[in-house]
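With full-length UniProt numbering applied, the sequence shown covers 1 to 328. C-beta: ideal position from N, C-alpha, C; glycine also. First comes the structure, then the notes that go with it.
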Amino acid sequence: MDINSKESNPIHLLYAANKNWLKQLANTIQDITKHPLPIPEHALALPTEIGTGKIWHWNSSGDIALTYWDCKFNSNVQVQQDELEDWYSICCFFSYEHVPAREDRSFTVFFDAGQTATEHFMQSRPMIKVMHILIRKSYFVSHIARRLPENQQQFSGKMLINKDLLVALTQFVETVDKNQDNKLFIEGKTFHFLSLFLDLYIQKKSSKKRYLTDIEQLMTLNGSMEQKCFEDLMTVSEMADTLHMSVTKFKQLFTEVYDTTYLQYHIHQRLLAAQEMLRQPKVRMGEVALKTGYSGISHFAKAYKKHFGHSPVEYHKEYLKLVENNPA
Numbered sequence: 001m002d003i004n005s006k007e008s009n010p011i012h013l014l015y016a017a018n019k020n021w022l023k024q025l026a027n028t029i030q031d032i033t034k035h036p037l038p039i040p041e042h043a044l045a046l047p048t049e050i051g052t053g054k055i056w057h058w059n060s061s062g063d064i065a066l067t068y069w070d071c072k073f074n075s076n077v078q079v080q081q082d083e084l085e086d087w088y089s090i091c092c093f094f095s096y097e098h099v100p101a102r103e104d105r106s107f108t109v110f111f112d113a114g115q116t117a118t119e120h121f122m123q124s125r126p127m128i129k130v131m132h133i134l135i136r137k138s139y140f141v142s143h144i145a146r147r148l149p150e151n152q153q154q155f156s157g158k159m160l161i162n163k164d165l166l167v168a169l170t171q172f173v174e175t176v177d178k179n180q181d182n183k184l185f186i187e188g189k190t191f192h193f194l195s196l197f198l199d200l201y202i203q204k205k206s207s208k209k210r211y212l213t214d215i216e217q218l219m220t221l222n223g224s225m226e227q228k229c230f231e232d233l234m235t236v237s238e239m240a241d242t243l244h245m246s247v248t249k250f251k252q253l254f255t256e257v258y259d260t261t262y263l264q265y266h267i268h269q270r271l272l273a274a275q276e277m278l279r280q281p282k283v284r285m286g287e288v289a290l291k292t293g294y295s296g297i298s299h300f301a302k303a304y305k306k307h308f309g310h311s312p313v314e315y316h317k318e319y320l321k322l323v324e325n326n327p328a
């Protein structure tokens, strides 16, 4: 299952539980903290089998709530969430068995708890673990995200869990089960997890920024190549060196941007230029071949026919006949 596809997006949910369990959770947290947690009353009943569920909460001001449970999804799940615009929510889904295959990799979902969402978590794992942290936005910004620029302190989206985060999650589950009455211990483990999560988020943002910069530089340099004479076209290695990236990375990036290879792209461009020249009434094939970077007429004619399915001479004659029969 490709988790990035529309058919199999991981569910953005507040709690993987039914109405009664939501109320139980809210009541338990309220009993512990003496501060009500605003669980939406209209949360849909979910076709979910709840295994064991554990609830922890240590912050006396009601700024952080932590839940962890095992559950089984039997079918598509739909849930609506709103009334929680002041909260951030981190949901992490991970399997009992950490299979390295991409479709079975663990992932985390981080989103504004106040947004309305209807997503689907398809039947890909028979049993999963869920760790969910609900954090008041003001608390998150002031205590956790202080090292981020202000314009990066709004979070949304989903990420794959990296190895460090997965290890932290596994250790958290194994150790907290044995220390569930030690609130300071749980608090420390949770902040360790949040630190790793924030590092992953920053890394993701930085990688995306570098990726967009690479694309912009690639398009600028490639555009300048189109303005030059075809015989001065840079090689793949020269393009990669100019952009300060490996040849492999350059090839991958070029294919992503232009949906073809560097060589095929410029072959197409030079033959389009040749086609434009062939529309002139008086044109010499040798001159067209030379101006488009081909060593001779035969080489040019062979490349042209392979690309367009007809020879340059045939195109020239057919185009002039078309113009003659359809005068402007």
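From the options, residue whose alpha carbon lies closest to that of residue i
i      : options                        : result
Glu226 : Glu324, Gln171, Arg270, Val257 : Arg270
Arg136 : Gln171, Val167, Ile90, Ala168  : Ile90
His307 : Asp241, Tyr265, Lys321         : Tyr265
Met277 : Leu196, Lys317, Ala168, Leu221 : Lys317
Leu322 : Lys305, Pro281, Leu290         : Pro281
Nonlocal neighbours in the same chain, by C-beta distance under 8 Å from residue i, ignoring five residues either side
i      : result
Ala303 : Ile267, Leu271, Tyr294
Met285 : Ile297, Phe300, Ala301, Pro312, Val313
Met219 : Val257
Thr261 : Lys251, Phe254, Thr255
Leu263 : Val236
Asn326 : none
Asp259 : none
7 Å CB neighbourhood of residue i in its chain, flanking five on each side removed
i      : result
Arg279 : Tyr319
Leu221 : Met239, Thr242, Leu243
Val247 : Val236, Ser237, Ala240
His192 : Ala168
Residue i and residue j closer than 7 Å at C-beta
i      : j      : result
Ala274 : Val283 : no
Ala168 : Leu198 : no
Leu233 : Gln217 : no
For residue j and residue i, believed in contact at Cβ under 8 Å, the rounded distance
i      : j      : result
Met245 : Asp214 : 7 Å
Own chain, CB closer than 6 Å to residue i, minus 5 neighbours either side, in chain order
i      : result
Glu41  : Here the model assigns Glu41 a pLDDT of 35, short of 50, so the residue's position is not dependable, and the following value carries that caveat. Excluding residues within five positions, none has a Cβ falling inside 6 Å.
His310 : none
Thr292 : Phe230, Arg270, Ala273, Ala274
Tyr315 : Leu278
Gln24  : Low confidence applies to Gln24: its pLDDT is 46, below 50, so where it sits in the model is not reliable, and the reading given next is rough at best. Counting only Cβ-Cβ distances below 6 Å, and skipping sequence neighbours, we find nothing.
Glu324 : none
Lys305 : Ser311
Leu290 : none
Lys249 : none
Gln123 : Caution applies to Gln123, whose pLDDT of 38 falls short of 50 and renders its modelled position unreliable; the value that the coordinates give is listed next. Answer for Gln123: no residue qualifies.
Asn151 : Confidence is the limiting factor: at Asn151 the pLDDT is only 47, short of 50, which leaves the residue's position unreliable, though a coordinate-based value still follows. Counting only Cβ-Cβ distances below 6 Å, and skipping sequence neighbours, we find nothing.
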